[in-house]
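What follows is a short report on a single structure.
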Amino acid sequence: MNQKNVLVLTVGTGNVEKLEESLLKPLSKSIAQGKWNEAVLLPSTVTETHAVRLHQQFPDLPLRIKPLPKPGMENDADACFGYFDEVLGDLIKKEYKSENITVDFTRGTKAMSAALVLAAVRRDIPQLRYIQSEQRDERGMVIPGREEIAELSTTLATARRQLDTAIHLMHRGNFAAVLKLIPEKPEQLAERFPETFRKEAAGLRRRAYFYAAWDRLDYKEAMRRAKRLLPEDDLADHKAWVCDLGSESDESQHGAMAKWLQIICCDLLANGRRRIKNRHYEDALLRGYRVLELIGQFLLFERGMDSACLDSKHPAVQCLQEKLKKGGSHGLGHVKKGCLTAGRDNTARLLKILNEPLATELLRFDKKHPKIKAKQRNHSILIHGFTATSGSDASALEDLYDHLESLLTRSCPKAVATKAKAVTDPFPRH
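Position one of the sequence shown corresponds to residue 3 (the working numbering), numbered consecutively onward.
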C-alpha cells in the first residue's frame, strides 16, 4: 500500500445568502492546505449540489462525492455514523492507511460532525481538523476570510481506549491478548502510546506477564516475572503467594511437602473456578480431579508417608495389601524393591486404616460426583477418549468445586485461611 493521503470533509448548508464565503471558501482552504492524492466530500442530499460546485474549483485533484443515502439523515447521528464509518472503512480497506487519512468535520450538521469524529476514532484515524476563527462579527459569527485550520489528534482517545480494552481483558484472565495489545519494546510502546499513558501501559504488560505464567501453573516463570514487578504494581501479596507456590519441596521432607501441596491445592481450586467461569469445562473437570487426588496425597504426607513410595513393611500398608488381595485385586503397585505405590482410591483406603476422619468422604466422593470417576473421566478427549465428558452445565461443576473447597477447608484450614485473599481474587482491578 503506497503512502497516499486523503482528506475527508463534511459538506453542510452554510449561509445560503453567502454560500461562497460561509461554505465554499473555508472548505477550499482546508483542501488547499495539505498534499492530497484525493479528497472525499460527505454532503447530505440537500447539500450535494454544494459539493459539486466545490469539486469544480479543484479540477486537478481527484475528488469523490459520497452523499448521505437518504434525505433527513443529516440530523440522525447514528445513521450518519454508520454511513461515515463505512466510507472510512472502504478507504482503509482499498487504498489508505488510517494514519494517512485526515478528517475535517467543520461544515455539516452537528449530527454529521459528531458522527464523523466518532467514526474516525473508531477507525484509529489519528488526525482531525476543523476551521476556526477568533475574529467574529457583532452577531458572534465567524468573519468570512479570517478562518484558520486547527488540527486535533485522536491519539489520546484511541490510546486510552486501547488501555481500557487491555484492562477489561486482564480482569477476565485473557493475558495473552493484553500482551498482544501492549508491545514490549520501548520504541514500539512509544509509537503506540503517548507519553501520558506509557507508564500505565508498561505496568499492565508487567502484570500480564506475571499473571499469565501464574494462571498457566508455571510457578517458576511466575517467580521470575515477579522479580520484574515494581512497588507501584501493588502486588506484594500475590508475589509472596506465587513464591510459595514456586518453592517446591523435597519429597523426602514429608512435612514440608504436605504444606506445599496444600497451597498447590488452594491455587488449583481457584484456577479451576476461573476455567468454569470462562466455560472451559473440560479443563475445570481435570483440575477438580487433581485437587481431590492431592488432598489424599498431602494427608498421607502429614503422616510421614508418600503415596508414590510406600514402605511395604509399614503395618498400615501391609493391612491394605491384605484387604486388596482378599478382594481379588493385584494390590498396590510396585516401583522398586520394598517400595509400593497407591492411586487415589487406595490412598483414601490407606488413610482410613490410619484413622483419617476425611477418608470415608474421599472414598465416596465420586458417588456424589460421577463425572470425576475414572471410567468417565478417562474418556475425556484430553485423556484417552474422543469427546468432552464434562458436559455443558456449569452448575454440576460448581457443585463439585464447592464440595472440594469444603474438603480442602476441613483438611488444611490454616493454609486456606492464610491464602484466601490471593486465591479468590488473584487479578484485582487497577
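All C-beta atoms, glycine included, are put in the ideal place defined by N, C-alpha and C.
Check, Outcome
"Per DSSP, P45 forms a beta bridge with which residues?", "V13"
"What residue does the beta strand (DSSP E) around E97 start on, and which one ends it?", "Taken as a continuous stretch (DSSP letters only), E97 belongs to no beta strand (DSSP E), as it is neither H nor E."
"Okay, do the stretch 245–260 and the stretch 288–307 touch, 3+ Cβ pairs below 8 Å being the bar?", "yes"
"Can you have a look at Q264 and say buried or exposed, based on whether 16 or more other CB atoms are within 10 angstroms of its CB?", "buried"
"How about V13 and T47: are their beta carbons less than 8 Å apart?", "no"
"Am I right that G248 and K279 are in contact with their C-beta atoms under 8 Å? What's the rounded C-beta distance?", "The pair is not a contact, with the Cβ atoms about 24 Å apart (cut-off 8 Å)."
"For the alpha helix (DSSP H) that contains S408, what are its first and last residues?", "396–413"
"Would you tell me roughly how many angstroms separate the C-alpha atoms of G387 and G393, rounded to the nearest one?", "14 Å"
"Determine, using beta carbons only, whether K327 and G333 come nearer to each other than 8 Å.", "yes"
"Could you give the uninterrupted runs of the alpha helix (DSSP H) lying entirely in the stretch 320–356, keeping only those of 4 residues or more?", "346–355"
"Can you pull the DSSP bridge partners for Y132?", "A152"
"Flag this pair as touching only if the stretch 99–108 and the stretch 116–125 have three or more C-beta atom pairs under 8 Å; answer yes or no.", "yes"
"Report yes if the C-beta distance between C267 and L237 is below 8 Å; otherwise report no.", "no"
"Mind checking I385: buried by the 16 CB within 10 Å criterion, or exposed?", "exposed"
"DSSP state of F360, grouped into three classes?", "A quick correction: the sequence has Leu, not Phe, at residue 360. Here L360 sits in coil by DSSP."
"Give the secondary structure of R66 by DSSP, where H, G and I count as helix, E and B as strand, and everything else as coil.", "strand"
"Does the stretch 363–382 come close enough to the stretch 305–319 to have 3 or more Cβ pairs within less than 8 Å?", "no"
"Of the choices R230, A272, V418, R207, whose alpha-carbon is the least far from that of L181?", "R207"
"Do three or more CB pairs link the stretch 56–71 to the stretch 20–35 at distances below 8 Å?", "yes"
"Could you check where the alpha helix (DSSP H) with T391 kicks off and where it finishes?", "T391 -> no alpha helix (DSSP H), and no H or E assigned at all."
"Starting from the C-beta of P185, find all residues in its chain whose C-beta is less than 7 Å away, skip the five residues before and the five after it, and write them out in chain order.", "L191, R194"
"Within its chain, find whatever has a CB closer than 7 Å to the CB of E22; leave out the 5 residues flanking it on each side and keep chain order.", "none"
"In whole angstroms, what is the alpha-carbon distance linking K261 and L294?", "16 Å"
"At which residues does the alpha helix (DSSP H) containing D239 begin and terminate?", "238–248"
"Quick one: Cα of Q134 to Cα of D166, how far?", "32 Å"
"Counting C-beta neighbours from all protein chains within 10 Å, is the total for L92 16 or more, i.e. buried, or is it exposed?", "The sequence shown places Asp at residue 92, rather than the Leu named in the question. Burial call: exposed."
"I think L158 touches T198, with their Cβ atoms under 8 Å apart; what is that distance to the nearest whole Å?", "7 Å"
"Pull the bridge partners of V105 from the DSSP assignment, please.", "V10, L130"
"Hey, quick one: how far does the alpha helix (DSSP H) through G298 stretch, first residue to last?", "283–303"
"Under the DSSP definition of a beta bridge, which residues are partnered with E40?", "V8"
"Given a cut-off of 8 Å, decide if R131 and I103 are closer than it, judged by their beta-carbon atoms.", "no"
"DSSP on V418, reduced to helix/strand/coil?", "helix"
"Candidates T160, R55, A122, P71: which alpha carbon is nearest D87's?", "A122"
"Here's the rule I'm using: 16 or more other beta-carbon atoms within 10 Å means buried, otherwise exposed. How should E153 be labelled?", "exposed"
"Within its chain, find whatever has a CB closer than 7 Å to the CB of E101; leave out the 5 residues flanking it on each side and keep chain order.", "P128"
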